[in-house]
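Chemist: Residue numbers (the working numbering), protein chains in the order written: chain A, 1 to 242; chain B, 1 to 351; chain C, 1 to 353.
Note that CB positions come from ideal geometry on N, CA and C, so glycine has one too.
Have a look at this one before I ask anything.
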């Protein structure tokens, strides 16, 4: 289907002797935010890493904009237009904020307008531009990780639990930042999130994972409205929208 | 409209930066070098010898130290960046020494002449040849020996050791088992006299060259894009790949440069010792390992500090208590590891 | 009965059984099957090295630890016997005292190294053992008064082990001190090897293998990996020292080149990898193969070198002194293609591969 930006069909991933992904079928429609929910250990991070090529899928197909990417090496996948913000943020602590951003700007130079826009979204980065990234607070590191991912326009952002360990105020700021990022309609986000409120406010589509498989996929609005389904899938409920 | 104001507000007061304590912590390793020199001075004077002796030993130690640094820097970067432990690194030292000496002997007249410029006419090609051969060997080595065993430390140690043996045997087959002497030309021999102290000329030149190379490496690492990639890769190679860079190519490049540097160290050492055997790489590897462990795997600055400490220690104890020379260097390593288990200047691994 | 002797660790492969039986019978009857000073000496070396390499396999193959200090422990056992015999005179008591002292020192040293280094990364441990072993070698070479320095120590052994002691003839061979000495070496080596088999097949041995596979997991299940690793290091060191004592008694000579050099450490590595890591039997096969090659292959290579005398490079490559080149290549190929060595390869064949 041509309005699917990313699709996974029957993807299996083995790590050593462990069979983590057991036939994942997932589609990420173009535009907006697709949220990937699930308990710890369900395989969400493994899915992200498999898409990114950090782990090789042992079976199945992954298509990005129609193009099969399951056998490509990670750098090529990144250059095809996918950016990855891992769970541990992956920022280079010994490098300055500026150096982190310079690395992310593949051409070697910044698109100044875009950089300004990002720095407006995350002013802390501007303030600590010359400081080693290791000195930033957790929330600021997360912002740097996201800023790095979007300094060059990418079609798909894979973001893994950005709100983990962050204060509610910062989570709110991140949520707004994401909204702005996808506002232009050119960027799609696949978001793994445990924070259900954030997930609900951002997500248009949702997929739920359990034991290495997708057990539910559909519109976020439908899931939000169905308390029983929430209980069954997640064991707890989404907060009612105020 | 700024959306992250709340987040930044609490930080508005002060820039988070290194406190005094952290700054001292970062400077401490560098201070260890003059500290060691000072302790040695006291020991030497107490033993009845004079200041000039200390001066000579210190210069010798520094020269040895920078040569060890040149040989070890490649190993530490390769390990920091690629998590590859190359037990065969010594092979490049030996190959460099042999190729360099062979070229020098071919260019005999220019090398033996009493004119510095003629000498350089021989030395520069010798170094270039040694580094080229080692670089080529490094490329071949990385592709065929190392690449298949990425991530398997045990196998890495084994195959690289095996490669060391094979290389030594090949050198023996080509050059034979006899030691090959090489005499330093006049321009590089002799000593400067500073007061009562005789300071060997070659050692001074070697030290200057070594520090220049260190400076060059630091420049490349801190001010160029390639250096940025290497530094980022040492911290988190996966993330660099996820940002679209072909880290494998970077690895190969660093490996080749590291091997070439080892060869340079080999040539310098050959001129220092004035004789070479097929075992010099193997023998020096022990010192190189100690340097790399003390300095911290992956840190070029740490490598220099470690190398200077080892060089100085070896020379001081070689004079004061010769039997315990290698033992004291090991003791130094133990003391450093007790203080900082990751080495003097640790690289924080993001993953 | 045999299963009990082998502690349940049977070869499991017909070719392997044949090869091992051949080695056993060959070694048991060398003085009668292959008489001659040189052959008996080679056989004695094989016995000693089987134990030495097997003790290294305990560490490398079963626990997954790379160490370069094994020759140091080998040397400690040997020098124990040498120094005791030298200073206390020839006799069984000096041998026993020397062996005990050497083994004790080896175990204590292993304990120290283990406790210090096993908390650091494996790579550090390997480098540290290399440094310590080198320092030990230099120390021994320099403590001339005690150790005889570079020249080593010559000493006498109990009369019963010398050629002068003669008990008559049997099957056409003289029963003299040398033969008795050989059977002493053979018997002790066999006993030590069987003891090692028992250790690796015990619950302790299984824990070691679990740690080798995944030390994080083993720790999580509740095994204190530091304790097990240190114990393995100490056991390995102890057996190496015993092997050293054996060889010291056989040779009546102990010196740094024969016991402590890095070349011997490399030889051990080659033997254990080519034979097969983590199998014990691999040590037996690897040691036999290697020492036979060292002694006899060189003769073959010498012949080949003469035959190719006219071709410049080739003749240098097959020169008998270059036998290590070929074994080194075999070693590298083994690590890539036969990670479980000859034994592993043979066992895989059984499954129809």
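If the cut is a Cβ gap below 8 Å, which residues of chain B does residue 92 of chain A touch?
Modeler: Residues of chain B passing the Cβ test: 231, 232, 235, 236, 239 and 350.
Chemist: Considering only residues of the stretch 256-332 of chain B, which uninterrupted alpha helix (DSSP H) runs meet the minimum length of 4 residues and lie entirely inside it, listed in chain order?
Modeler: Here the runs fully enclosed are 280-295 and 300-320.
Chemist: Shorter than 7 Å from the beta carbon of residue 18 of chain A to some beta carbon of chain B?
Modeler: It does not; no Cβ of chain B falls within 7 Å.
Chemist: Do you know offhand how far residue 240 of chain B's Cα is from residue 75 of chain A's?
Modeler: Going from the Cα of residue 240 of chain B to the Cα of residue 75 of chain A covers about 8 Å.
Chemist: Which two residues bound the contiguous alpha helix (DSSP H) that contains residue 193 of chain C?
Modeler: Where residue 193 of chain C is concerned, the enclosing alpha helix (DSSP H) stretches over 177-200.
Chemist: My output table needs one value for residue 153 of chain C: the three-state DSSP class, helix, strand or coil.
Modeler: Note: residue 153 of chain C maps to strand in three-state DSSP.
Chemist: Does any residue of chain A bring its CB to less than 7 Å from the CB of residue 228 of chain B?
Modeler: Yes, residue 228 of chain B counts as interfacial toward chain A.
Chemist: List, from N- to C-terminal side, the beta strand (DSSP E) runs of 3 residues or more that fit wholly inside the stretch 126-200 of chain A.
Modeler: List check, beta strand (DSSP E) in window: 156-160 and 188-192.
Chemist: Are there three or more Cβ pairs, one per stretch, closer than 8 Å when the stretch 40-57 of chain B is compared with the stretch 190-201 of chain B?
Modeler: Yes: at least three Cβ pairs fall under 8 Å.
Chemist: Could you tell me whether the Cβ atoms of residue 248 of chain C and residue 84 of chain C are closer together than 7 Å?
Modeler: Not in contact: residue 248 of chain C and residue 84 of chain C (Cβ atoms no closer than 7 Å).
Chemist: Given a limit of 7 Å on CB to CB distance, which residues of the stretch 245-269 of chain B reach chain C?
Modeler: Those residues of the stretch 245-269 of chain B that come within reach of chain C (Cβ to Cβ, closer than 7 Å) do not exist; the list is empty.
Chemist: Would a C-beta distance cut-off of 7 Å place residue 191 of chain C and residue 73 of chain C closer than the cut-off?
Modeler: Not a contact, by the Cβ cut-off of 7 Å.
Chemist: Between the Cα of residue 124 of chain C and those of B:76, B:164, B:128 and B:129, spot the shortest distance and give me the residue it belongs to.
Modeler: Out of B:76, B:164, B:128 and B:129, B:76 has the C-alpha closest to the C-alpha of residue 124 of chain C.
Chemist: Let's test the definition: count the other Cβ atoms within 10 Å of the Cβ of residue 12 of chain B and tell me whether it reaches 16, buried, or not, exposed.
Modeler: A caution first: residue 12 of chain B carries a pLDDT of 42, below 50, which makes its placement in the model unreliable, though a value can still be read off. The residue in question, residue 12 of chain B, is exposed, as its Cβ has fewer than 16 Cβ neighbours within 10 Å.
Chemist: Examine the Cβ distances between the stretch 91-105 of chain B and the stretch 165-174 of chain B and report whether three or more of them are shorter than 8 Å.
Modeler: Cβ pair count under 8 Å is three or more, so yes.
Chemist: For residue 70 of chain A, does the three-state DSSP call read helix, strand or coil?
Modeler: Residue 70 of chain A: coil per DSSP, three-state reduction.
Chemist: For chain C, is any of its Cβ atoms less than 7 Å away from the one on residue 158 of chain B?
Modeler: With 7 Å as the cut-off, residue 158 of chain B counts as an interface residue toward chain C.
Chemist: By the 10 Å Cβ neighbour count, where 16 or more other Cβ atoms means buried, how is residue 215 of chain A classified, buried or exposed?
Modeler: Exposed.
Chemist: Which partner residues of residue 37 of chain B appear in the DSSP bridge assignment?
Modeler: According to DSSP, residue 37 of chain B bridges with nothing at all.
Chemist: Can you tell me where the alpha helix (DSSP H) holding residue 316 of chain C begins and where it ends?
Modeler: Its alpha helix (DSSP H) spans residues 312-317.
Chemist: Once the 5 residues before and after residue 8 of chain B are set aside, which same chain residues still bring their CB inside 6 Å of it?
Modeler: Residue placement at residue 8 of chain B is flagged as unreliable, the pLDDT there being 42, under the threshold of 50; the coordinate-derived value follows with that caveat. Around residue 8 of chain B: no qualifying Cβ.
Chemist: Return no unless some Cβ of chain A is closer than 7 Å to the Cβ of residue 9 of chain B.
Modeler: Reliability of the predicted coordinates at residue 9 of chain B is poor, the pLDDT of 43 falling under 50, and the value obtained from them is presented with this limitation in mind. Judged by the 7 Å Cβ criterion, residue 9 of chain B is not in contact with chain A.
Chemist: Got a sec? Which residues, its chain only, sit under 7 Å from residue 114 of chain A by beta carbon, not counting five neighbours each side?
Modeler: Counting only Cβ-Cβ distances below 7 Å, and skipping sequence neighbours, we find 151.
Chemist: Using 7 Å as the threshold, is the C-beta distance between residue 332 of chain C and residue 162 of chain B below it?
Modeler: For residue 332 of chain C and residue 162 of chain B, yes; Cβs fall inside 7 Å.
Chemist: Along the stretch 143-165 of chain A, what residues have a CB closer than 7 Å to any CB found in chain B?
Modeler: Here the close residues are 143.
Chemist: Return the chain-ordered list of same chain residues with a C-beta closer than 6 Å to the C-beta of residue 347 of chain B, the five sequence neighbours on each side being excluded.
Modeler: Excluding positions up to five away in sequence, the list reads 80, 234, 298 and 299.
Chemist: State yes or no: is the beta carbon of residue 6 of chain B nearer than 7 Å to at least one beta carbon in chain A?
Modeler: Residue confidence is low: residue 6 of chain B scores 41 on pLDDT, short of 50, so the model does not pin down where it sits. Its coordinate-derived value is still stated next. Taking Cβ atoms only, chain A reaches closer than 7 Å to residue 6 of chain B, which makes this a yes.
Chemist: In terms of residues, what are the limits of the beta strand (DSSP E) holding residue 64 of chain A?
Modeler: 57-64 is the span of the beta strand (DSSP E), which, as asked, contains residue 64 of chain A.
Chemist: Verify the CB distance criterion: does residue 87 of chain A have a CB-CB separation below 7 Å to chain B?
Modeler: No, residue 87 of chain A lies away from the interface with chain B (no Cβ there is under 7 Å from its Cβ).
Chemist: Flag residue 127 of chain A as yes when its Cβ comes closer than 6 Å to any non-hydrogen atom of the ligand PLP, and as no otherwise.
Modeler: This structure does not include the ligand PLP; it has no bound ligands of any sort.
Chemist: Drop a sphere of 10 angstroms on the beta-carbon of residue 282 of chain B, count the other beta-carbons inside from all chains shown, and report buried for 16 or more, exposed for fewer.
Modeler: Buried, because 16 or more other Cβ atoms sit within 10 Å of the Cβ of residue 282 of chain B.
Chemist: Going along the stretch 138-153 of chain B in order, which residues come within less than 7 Å of chain C, judged by CB to CB distance?
Modeler: Per Cβ criterion, the list reads 148 and 153.
Chemist: In whole angstroms, what separates the C-alpha of residue 183 of chain B from that of residue 270 of chain B?
Modeler: Going from the Cα of residue 183 of chain B to the Cα of residue 270 of chain B covers about 9 Å.
Chemist: State buried or exposed for residue 4 of chain C, treating a residue as buried only when at least 16 other CB atoms are found within 10 Å of its CB.
Modeler: Under this definition residue 4 of chain C is an exposed residue.
Chemist: So, is the C-beta of residue 316 of chain C closer than 7 Å to a C-beta in chain B?
Modeler: Closer than 7 Å: yes.
Chemist: Quick one: is residue 38 of chain C buried, meaning 16 or more other Cβ sit within 10 Å of its Cβ, or exposed?
Modeler: When all chains shown are included, residue 38 of chain C counts as exposed.
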